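> In UniProt numbering, the protein residues as written are 1 to 155.
This structure is in structure tokens; I'll ask about it shortly.
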Ligand code: FES
């Protein structure tokens, strides 16, 4: 015999009400989990360092925007622009990251001031291996999106 999900729920509050209550109690942005403990330092365009405690799974774009740092994220983190370009400060830390996939590499090719340790902030998720990561925001970004090429446009 099959039971519906609502019958197996531990709470007597209907899910929709539960979600509303959770939303009302949460701040504007929260990490992926309540667990923190990973540190990331973001060096802004003026050279000021900002260190945050974050959780595994948080990506650099979300972290920067949640703390009002200047990172545009024009495509909303869908790997279709280069406005979340960051430069990893330490080459050894860069080597600990998963390789960028083809989509990310295509977008990185459009980034202003591309370096050997450039990444797209929206594609880098914090993990144990990246604890202590430091990234710099480039002095400029180029707001060119994949759709500009698909449509055959030029800037
Ligand atoms: S926000 Fe567009 S690629 Fe990261």
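For glycine and all other residues, C-beta sits at the position ideal for the given N, C-alpha and C.
As the structure is a prediction and not an experimental result, all values here were calculated from the model.
#1: Using a threshold of 7 Å, state whether the C-beta atoms of residue 88 and residue 54 are closer than that.
#2: Considering just the uninterrupted stretch of the beta strand (DSSP E) at residue 130, what are its terminal residues?
#3: Buried or exposed: which applies to residue 83, given that a residue is buried once 16 or more other Cβ atoms fall within 10 Å of its Cβ?
#4: Suppose you measure from the CA of residue 49 to the CA of residue 102; what does that come to, to the nearest Å?
#5: Report all residues from its chain with a CB closer than 7 Å to the CB of residue 61; omit the five preceding and five following residues, and keep chain order.
#6: Helix, strand or coil, according to DSSP, for residue 120 in the structure here?
Reading off the structure:
#1: Contact annotation: residue 88 and residue 54 have beta-carbon atoms that are not nearer than 7 Å.
#2: Per DSSP, residue 130 belongs to no beta strand (DSSP E) and is neither H nor E.
#3: Buried: at least 16 other Cβ atoms inside 10 Å.
#4: Looking at the two C-alpha atoms, the distance is approximately 30 Å.
#5: In chain order, 71, 73, 77, 84, 121 and 122 place their CB closer than 7 Å to the CB of residue 61, counting only its own chain and leaving out the 5 sequence neighbours on each side.
#6: Assigned with DSSP and collapsed to three states, residue 120 falls in strand.
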